[in-house]
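There are 2 protein chains.
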Amino acid sequence: MVKRKNRLSVEEYVEGILAGNRVVLSRAITLVESSLASDQHLAEEVVNRIMPHTGNSLRIGITGVPGVGKSTFIESFGKLVVDQGNKLAVLAIDPSSQKTKGSILGDKTRMEELSHNSNAFIRPTPAGAALGGVSAKTRESMLLCEAAGFNVIFIETVGVGQSEIMVKGMVDFFLLLMLSGAGDELQGIKKGIIEIADAIAITKADGDNIEASKKAKREYNNALHLFPLNDNGWRPQVKICSAVSKDGLADIWTMVQEYKTAMQANGFFEENRSNQRVSWFDEHVRYLLESRFFQQKEVKAGLIDMLPKIKNGEMSSISVARYLVDYFLKDIPND
Amino acid sequence: MVKRKNRLSVEEYVEGILAGNRVVLSRAITLVESSLASDQHLAEEVVNRIMPHTGNSLRIGITGVPGVGKSTFIESFGKLVVDQGNKLAVLAIDPSSQKTKGSILGDKTRMEELSHNSNAFIRPTPAGAALGGVSAKTRESMLLCEAAGFNVIFIETVGVGQSEIMVKGMVDFFLLLMLSGAGDELQGIKKGIIEIADAIAITKADGDNIEASKKAKREYNNALHLFPLNDNGWRPQVKICSAVSKDGLADIWTMVQEYKTAMQANGFFEENRSNQRVSWFDEHVRYLLESRFFQQKEVKAGLIDMLPKIKNGEMSSISVARYLVDYFLKDIPND
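Residue numbers (numbering that gives the first Met the number 0), protein chains in the order written: chain Z, 0 to 334; chain E, 0 to 334.
What follows is the structure, encoded as structure tokens:
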């Protein structure tokens with residue numbers, strides 16, 4: 000294994016990260032994101048070494064459809080968080096980035112003020128990878144940020160794909176941004192997301208829009224009361240805010256901290272983290288097994304013929320699955 | 000491969016099923032549910048042979064927490080469906096059956112009238128299998144029922160586990176049963192289920208409960224209007240009904256048929272079926288790969304040591320997943 004010129008040693012990465020060196024952190028994340036086998040081995044050693052220094056953060060997932068004002072919210076809300084003495088890292092999962100060439104965090108200029116703040120670290124989404132791969136990379140990047148001393152992490156995603164469930168599975172608190180004026184403009188959001196949110200923040204509640212925002216808040220509150228309580232006893236809250244006037248932002252931050260305090264007190268915080276770690280393992284096992292399966296030459300060749308027959312109901316989905324998996328694993332003993 | 004005494008030949012199964020012979024259908028489902036390798040091969044041949052005769056039904060998922068009156072609803076609603084000249088099969092997915100020894104469809108006596116109707120076929124849930132396995136067996140059982148001439152299928156499940164998403168993925172219409180009086184009694188239902196329902200039916204709307212049911216209907220209607228529309232343009236509806244007075248049941252059946260007509264007209268019906276078939280394949284591949292992985296001796300042994308370390312954050316979930324999958328697939332070429 001030849002060490003590439005622009006790579007550091009494991010020791011250098013670990014020391015740099017633990018010292019809070021942002022350049023080294025950035026390079027370590029690049030390493031984690033790399034698909035080169037030699038990089039992956041190096042990344043694995045680095046991540047394993049920094050594991051004892053991870054976990055000391057509040058992880059917040061933020062989602063919302065395009066147009067909801069996610070960037071400006073994160074810019075304003077992030078600034079408030081940093082101004083209170085926190086170190087903030089912003090990461091992103093964007094399943095649409097392959098198609099749209101990066102609709103979120105495509106360039107740092109999107110959050111100009113925050114990106115120049117020495118206590119904030121903004122990392123654009125890794126492009127061109129499968130969602131399962133992006134997810135693992137984001138998790139490891141999050142761990143690296145924690146080891147580097149960032150005590151608040153935002154994981155940003157767009158509310159239109161598969162990624163919200165994934166983000167929900169890696170954060171302590173899941174915040175859904177919504178626009179006032181229920182109806183057409185909300186149709187972009189994915190089904191099921193409203194119910195998994197720990198809070199809904201109605202954005203752009205300023206000027207002529209304040210009354211509509213208050214009305215939306217009442218409506219969502221009524222709707223949420225029809226839903227089952229969260230397992231942890233938390234009743235999801237609805238807030239209104241404005242990234243322009245800054246109204247409501249402090250209230251949201253207070254709520255998130257109250258959530259943390261309550262969940263640490265009742266044990267849910269650590270229990271959830273522990274369950275998440277096991278789920279990450281399960282999900283990554285699944286992702287790796289599937290990747291290897293669908294990449295295999297014979298499986299690929301078989302599916303060219305069989306997939307259309309599965310689609311039109313000519314062949315049984317279950318039978319074809321059984322046949323191809325048996326073929327794929329034929330050399331592995333079935334204990 | 001020795002043919003077991005109580006097994007028929009592929010020919011006998013296929014002919015019996017296509018002739019609508021309920022005894023043969025029942026025995027074919029037993030075959031599909033069997034975990035014996037010889038049975039599985041036989042089942043596979045049978046299912047592949049009947050594939051051209053499948054799909055000609057309306058598949059309806061019905062879910063709701065225990066206490067909502069699911070059995071009595073299915074008994075009354077099923078009778079109405081049958082009385083209109085349909086042939087109805089009722090199947091169940093019950094993830095809790097391992098623990099509770101079958102909380103749904105544990106015995107046929109639960110739906111006494113329906114179970115004695117010659118145009119209804121009620122099949123208790125297969126017990127003691129993993130959910131992914133149960134899911135595949137239920138899908139194949141559904142196909143067998145269709146080939147036997149049943150043109151309406153109910154897939155029943157309890158609204159408290161992982162199974163609703165699975166049922167949603169195998170039906171044309173997903174009906175959620177709810178009780179009036181939002182609040183405590185609804186807490187058993189799983190998050191995200193309300194949003195994926197095509198309709199909510201509020202049960203037990205009789206006697207003193209009618210007013211409360213009408214109020215609940217209004218509230219859910221308001222809440223559902225805050226949600227995004229379904230991809231297919233269908234606005235989920237809220238109905239009230241009583242299995243005792245039979246009020247509202249005909250209305251629900253009319254709605255389901257209107258849904259079918261509309262979705263066939265806009266192409267969603269067939270498109271959804273086609274997508275479901277591909278998902279069944281993907282899910283079963285995943286299930287089989289995972290089963291083989293987690294059953295392997297070395298993987299099992301490794302996890303005894305590593306799982307606690309994953310849980311407490313001592314080892315990286317991603318690294319362990321990578322290590323164990325690489326080990327598991329070490330003899331399979333990585334194309």
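Here a beta-carbon is modelled for each residue, glycine too, at the ideal position from N, C-alpha and C.
Indicate whether at least one CB of chain Z lies closer than 8 Å to the CB of P227/E.
-> yes
Determine, using beta-carbon pairs with one atom in the stretch 26 to 45 of chain E and one in the stretch 72 to 81 of chain E, whether at least three such pairs fall under 8 Å.
-> no
Which parts of the stretch 27 to 89 of chain Z are runs of the alpha helix (DSSP H), unbroken and 4 residues or longer, counting only runs that do not cross its ends?
-> 36 to 49, 69 to 82
Chain Z contact for K310/E (CB, 8 Å cutoff) | yes
Residue closest to K214/E, alpha-carbon to alpha-carbon, out of A200/E, L225/E, P227/E, F226/E | A200/E
With a Cβ-Cβ cutoff of 8 Å, do L87/Z and V80/Z count as a contact?
-> yes
Cβ distance (whole Å) where E155/E is taken to contact I49/E below 8 Å = Their Cβ separation, rounded to whole angstroms, is 23 Å, which puts E155/E and I49/E out of contact at 8 Å.
Test item: CB-CB of A240/E and A211/E under 8 Å = The sequence as given places Cys at residue 240/E; Ala does not occur at that position. It is not a contact, given that the beta carbons lie outside the stated cut-off.
Looking at the C-beta of S273/E, does it have a partner C-beta in chain Z at a distance below 8 Å?
-> yes
Mind checking who I154/Z pairs with in its DSSP beta bridge?
-> G60/Z, L90/Z
Since I201/E meets chain Z, which of its residues come closer than 7 Å, beta carbon to beta carbon?
-> Correct list: empty, because the minimum Cβ distance to chain Z is about 12 Å.
What first and last residue would you give for the alpha helix (DSSP H) that runs through Q275/E?
-> 267 to 294
Show which residues of chain E have a CB atom less than 9 Å away from the CB atom of V277/Z.
-> L306, I309, K310, S316
How many Å lie between M254/Z and G63/Z at the Cα?
-> 19 Å
Listed by chain order, chain Z residues near A88/E by CB distance under 9 Å = In chain order: nothing, as chain Z lies at least about 18 Å away.
Please classify D330/Z: is it buried, with 16 or more other beta-carbons within 10 angstroms of its beta-carbon, or exposed?
-> exposed
Just tell me which of S117/E, E11/E, D246/E, F226/E has its CA closest to the CA of F72/E.
-> D246/E
Would you check if the stretch 17 to 29 of chain E and the stretch 144 to 154 of chain E touch, i.e. whether three or more CB-CB distances between them fall below 8 Å?
-> yes
Taking all protein chains shown into account, decide if N118/Z is buried (16 or more other Cβ within 10 angstroms of its Cβ) or exposed.
-> buried
Which bits of chain E does E43/Z rub up against, with CB to CB less than 9 Å?
-> S315, I317, S318, R321, Y322
Burial state of P307/Z (16 or more Cβ within 10 Å) = exposed
At 7 Å on the CB atoms, spell out the chain E contacts of K214/Z, in chain order.
-> Residues of chain E passing the Cβ test: none, with the nearest at roughly 11 Å.
Between I317/Z, R138/Z, A242/Z, which lies nearest to M110/Z when the distance is taken from Cα to Cα?
-> A242/Z
Could you spell out the range, first to last residue, of the beta strand (DSSP E) harbouring F172/E?
-> 172 to 177
Do N265/E and G232/E have their CB atoms nearer than 8 Å?
-> yes
How many Å lie between E139/Z and A27/Z at the Cα?
-> 10 Å
What first and last residue would you give for the beta strand (DSSP E) that runs through K238/E?
-> 236 to 239
Pair every Cβ in the stretch 291 to 311 of chain Z with every Cβ in the stretch 274 to 281 of chain Z, then say whether three or more of these pairs are closer than 8 Å.
-> no
When you compare only the Cα positions, how much space is there between L225/E and L248/E?
-> 26 Å
For Y326/Z, decide whether its Cβ has a neighbour in chain E, counting only Cβ atoms nearer than 8 Å.
-> no
Measure the beta-carbon distance from N47/E to S315/Z and round it to whole angstroms, keeping in mind my assumption that it falls under 8 Å.
-> 6 Å
Starting from the C-beta of D250/E, find all residues in its chain whose C-beta is less than 8 Å away, skip the five residues before and the five after it, and write them out in chain order.
-> K238, C240
Which residue from G132/E, E44/E, D82/E puts its Cα closest to that of E282/E?
-> G132/E
Neighbourhood of K98/Z by C-beta, 6 Å cutoff - its chain only, sequence neighbours within 5 removed = Any reading at K98/Z needs caution, since the residue's pLDDT is 42, under 50, leaving its predicted position unreliable; the model's value is listed next. Excluding residues within five positions, none has a Cβ falling inside 6 Å.
Which residue from E194/Z, K259/Z, E269/Z, R217/Z puts its Cα closest to that of P235/Z?
-> E194/Z
With DSSP run on the structure shown, which of helix, strand or coil describes I188/E?
-> coil
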